[in-house]
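To start, the structure under review is shown below, and the notes come after it.
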Ligand code: SF4
Ligand code: SF4
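As structure tokens, this is what we get:
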């Protein structure tokens with residue numbers, strides 16, 4: 007019966023895009039496991055889009071999990087909280103997944119933790135999440151979200167309280183709760199929807215309440231039938247739509263999703279807000295619920311550790327600030343029998359290659375993907391044959407080859423004529439190019455060039 | 006463990022590469038080659054063979070001289086050779102394919118900077134050159150040979166027959182045209198073989214389907230109009246099947262390098278070729294309408310690309326009032 011419903015519902019999609027192998031089978035069925043508390047966490051003071059946070063606690067102070075250690079700067083920024091019980095050390099520097107060096111406040115964890123293991127998992131995912139939205143003050147939800155330091159957990163790490171602030175000029179009609187998880191390999195959102203659908207639903211209703219939106223839809227790709235089923239049951243008879251999306255990359259990007267789910271396209275340089283939409287990731291929604299109902303700030307997140315180079319791929323619940331090495335070790339380490347070529351923070355389409363295993367997990371780290379030489383193998387780059395395949399897959403209707411050419415020739419006028427600002431660096435073009443041209447890399451260099459010329 | 010760092014994406018489509026694209030084209034051309042050998046026997050083998058060998062040799066010599074990293078094996082030279090060979094008459098003397106291919110590679114491709122940089126379809130550049138230099142070797146009479154071993158070779162090509170007589174008595178029936186049992190350039194005669202190979206190319210997405218469809222539609226509509234207006238005595242089907250239109254639509258117009266980038270641009274380019282072919286056939290004395298039509302439209306590709314820059318999804322941000 008339920009399968010029949012799934013088959014009948016129309017699968018929504020956007021134009022173009024690509025169909026990479028999803029490789030989700032590696033970690034899809036691995037239930038979320040709690041990482042044993044690491045000895046030390048090094049919490050970066052910039053984990054979000056915007057300005058770094060300011061430390062608000064001394065070195066060598068005792069802190070409790072969830073205690074605020076750095077506060078949001080004015081404007082676009084976010085609070086940061088201790089993710090373990092322990093003692094702060096002196097500020098140091100740490101390399102973020104994107105290569106940026108930022109200040110960090112390390113915390114040495116106490117041998118005794120107030121909350122860890124199964125108890126932590128129960129508080130994080132389990133129990134009862136029901137509440138009455140009418141009893142909540144919309145402004146309070148936005149305020150708690152700010153307090154809790156919640157940022158977008160799908161990758162971009164945009165501070166969530168900004169999205170939830172009521173905006174008289176731009177009323178919100180629709181909330182899209184993004185459970186597409188279109189990056190190959192990653193399954194953190196998938197597991198969350200299966201193991202704690204009620205927290206996702208609760209968070210979605212809170213986002214609706216905060217923004218005053220009329221409709222809420224939860225969008226899930228059709229390659230996750232179990233998640234669709236779990237969410238459907240959790241919704242019960244509440245007024246929440248479930249939208250089954252076609253599995254296609256980049257279905258989970260805000261721009262593709264608003265088009266696919268609502269037929270509304272976000273203008274270049276704009277936000278979903280400009281077309282009356284707020285998009286939140288399922289993980290973000292669950293974090294809002296966790297804050298409002300259980301008073302837990304954003305201290306942990308679910309990270310998929312996966313790829314052909316990992317002995318036992320897993321979905322781990324980890325304190326923010328844990329280094330990648332600890333996560334990889336918790337998954338049996340790197341495989342010795344394969345040729346490991348690249349370790350990526352995030353997924354293979356938009357993630358960052360890292361070389362330093364001390365890189366810490368941040369609020370936006372959705373996964374660690376370890377790829378082998380075999381899986382990243384690509385042809386030597388040859389000349390562009392102007393085949394237009396990059397054009398045929400660009401979800402935003404750009405002409406990537408011309409952008410790359412303009413970047414090579416450092417021609418800003420040409421970059422503008424071909425709308426460089428619109429590119430979201432999704433990587434479809436470079437994935438498809440038969441000549442193996444690093445289009446995204448060239449386009450990024452074009453963006454830097456343009457910024458420097460200003 | 007040697008960790009590498011690179012810009013995202015860290016994943017790419019498997020089994021790609023320019024060479025595999027060119028291999029697709031060669032596979033797609035094989036039914037045409039087979040049909041050509043069936044109709045013209047070893048004449049086809051000789052012409053195509055000479056063209057391919059000369060193309061590859063020219064390319065490697067050029068690369069030696071100019072000290073560029075080798076690309077001879079990327080397959081594009083072979084494709085140029087095959088297409089040029091298939092667009093020659095069976096009777097052309099040996100120096101015609103040889104000079105034609107050398108010019109195709111040098112003037113058509115290498116002087117522009119190699120594969121991907123050229124403006125004009127290399128095979129058509131080579132063919133235009135020999136057409137102008139050895140007019141006799143490619144003229145209407147080059148196709149006809151009264152004492153030829155094969156029956157078809159004793160006839161004029163359908164389009165030149167139509168030019169010289171008002172009654173169309175020399176025009177084979179449509180079925181013969183479809184199967185390829187008629188005279189013409191080596192590769193253009195069998196519509197069936199061209200369709201098999203061409204549709205394969207489109208299914209593999211090595212060729213953009215808009216291109217052949219656009220050429221055919223452009224030609225069909227214009228020739229229909231011309232027939233109604235009495236400007237041409239040929240029917241639509243005779244236009245489509247009587248010359249090298251189909252071969253051009255599937256194998257020449259689809260050269261990625263010399264066609265536009267966006268779907269809209271591809272339509273403009275392809276329909277433009279179809280229309281130009283009918284004009285040339287009706288008003289010019291050259292029998293090679295497709296070749297000139299392709300070269301002409303090649304020349305406007307940069308303009309077409311400029312006209313058809315798509316607006317990004319969502320459009321610009323409405324200016325704040
Ligand atoms: S896909 Fe690659 S080869 Fe084809 S036009 Fe784009 S950049 Fe050039
Ligand atoms: S040009 Fe930008 S938006 Fe378009 S496919 Fe490439 S990376 Fe994606």
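Residue numbers (our numbering), protein chains in the order written: chain W, 7 to 460; chain Y, 6 to 326.
Where a beta carbon is used, it is the ideal one built from N, C-alpha and C, also for glycine.
Since the structure is predicted, the reported quantities are computational estimates derived from the model, not experimental observations.
### Task
Give the DSSP-derived three-state secondary structure of residue 228 (chain W) in the structure shown.
coil
### Message
With distance defined between alpha-carbon atoms, name the residue in W:455, W:224 and W:434 nearest to residue 13 (chain Y).
### Response
W:434
### Message
Quick check: what's the CA-CA separation for residue 213 (chain Y) versus residue 265 (chain W)?
### Response
26 angstroms
### Beta-carbon proximity check, residue 227 (chain W) vs residue 253 (chain W), cutoff 7 angstroms
yes
### Task
Check whether the Cβ atoms of residue 299 (chain Y) and residue 126 (chain Y) lie closer than 7 angstroms to each other.
yes
### Query
So what does residue 107 (chain W) bridge to, in DSSP terms?
W:101
### Query
Anyone know if the C-beta pair for residue 261 (chain W) and residue 223 (chain W) falls short of 7 angstroms?
no
### Query
Over what stretch of residues does the beta strand (DSSP E) that includes residue 306 (chain W) continue unbroken?
306 to 312
### residue 40 (chain W): CB within 6 angstroms of a non-hydrogen atom of ligand 2
no
### Message
Cβ closer than 8 angstroms: which chain Y residues qualify as neighbours of residue 424 (chain W)?
### Response
314
### Query
How would you write the range of the beta strand (DSSP E) that residue 205 (chain Y) sits in, first residue to last?
Looking at the DSSP string, residue 205 (chain Y) is not in any beta strand (DSSP E); the run it does join, the alpha helix (DSSP H), is 196 to 208.
### Query
Quick one: is the Cβ of residue 392 (chain W) within less than 6 angstroms of any heavy atom of ligand 1?
yes
### Query
Taking Cβ positions only, does residue 322 (chain Y) come closer than 7 angstroms to chain W?
yes
#### Entry: Contacts that residue 18 (chain Y) makes with chain W (C-beta to C-beta distance below 7 angstroms)
437 and 438
### Message
Between W:396, W:424, W:412 and W:414, which has its C-alpha nearest residue 441 (chain W)'s C-alpha?
### Response
W:396
### Message
Taking contact to mean 3 or more Cβ pairs, one atom from each stretch, closer than 8 angstroms, check whether the stretch 75 to 92 of chain Y and the stretch 43 to 60 of chain Y are in contact.
### Response
yes
### Query
Is it true that the CB of residue 90 (chain W) sits closer than 7 angstroms to the CB of residue 328 (chain W)?
no
### Query
Can you find a CB in chain W that lies within less than 7 angstroms of the CB of residue 98 (chain Y)?
no
### Query
Roughly how far, in whole angstroms, is the beta-carbon of residue 77 (chain W) from the beta-carbon of residue 85 (chain W), given that I think they are within contact range, below 8 angstroms?
5 angstroms
#### Entry: Cutoff 7 angstroms: residue 26 (chain Y) Cβ touching any chain W Cβ
yes
### residue 412 (chain W) versus residue 443 (chain W) - alpha carbon distance
14 angstroms
### Query
Relative to the C-alpha of residue 148 (chain W), which residue among W:170, W:165 and W:163 is closest?
W:170
### Query
Taking 6 angstroms as the line, does the beta carbon of residue 402 (chain W) fall inside it for any heavy atom of ligand 2?
yes
### Message
Could you check whether the Cβ of residue 120 (chain Y) sits closer than 7 angstroms to any Cβ belonging to chain W?
### Response
yes
#### Entry: beta-carbon residue 286 (chain W) near ligand 2 non-hydrogen atom, thresh 6 angstroms
no
### Query
Is residue 430 (chain W) near ligand 2, judged by its Cβ being under 6 angstroms from some heavy atom?
yes
### Message
Using a Cβ-Cβ cutoff of less than 6 angstroms, which residues in the same chain neighbour residue 462 (chain W) once the five nearest sequence positions on both sides are dropped?
### Response
Residue numbering for chain W in the displayed model covers 7 to 460; residue 462 (chain W) lies beyond these limits and cannot be assessed.
### Message
With three or more beta-carbon pairs closer than 8 angstroms as the criterion, would you say the stretch 39 to 59 of chain W touches the stretch 347 to 356 of chain W?
### Response
no
### Task
Take residue 82 (chain Y) as the anchor and find which of Y:308, Y:286, Y:113 and Y:47 has the nearest alpha-carbon.
Y:113
### Query
Any residues in the stretch 234 to 260 of chain W with a beta carbon nearer than 8 angstroms to a beta carbon of chain Y? Which ones, in chain order?
none
### Message
Taking 7 angstroms as the limit between beta carbons, can you name the residues of its chain near residue 184 (chain W), skipping five residues before and five after?
### Response
160, 225, 258, 263, 285, 286, 287 and 288
### Task
State yes or no: is the C-beta of residue 248 (chain Y) within less than 7 angstroms of the C-beta of residue 164 (chain Y)?
yes
### Message
Excluding the 5 residues flanking residue 450 (chain W) on each side, which residues of the same chain have their C-beta closer than 7 angstroms to its C-beta?
### Response
431
### Task
Could you list which residues in chain W have their beta carbon closer than 7 angstroms to that of residue 222 (chain Y), in chain order?
Residues of chain W passing the Cβ test: none, with the nearest at roughly 19 angstroms.
### Closest residue to residue 93 (chain W) among W:68, W:111, W:107 and W:104 (Cα-Cα distance)
W:68
### Message
Closer than 8 angstroms between beta carbons: that is the criterion. Which residues of the stretch 284 to 311 of chain Y meet it against chain W?
### Response
310
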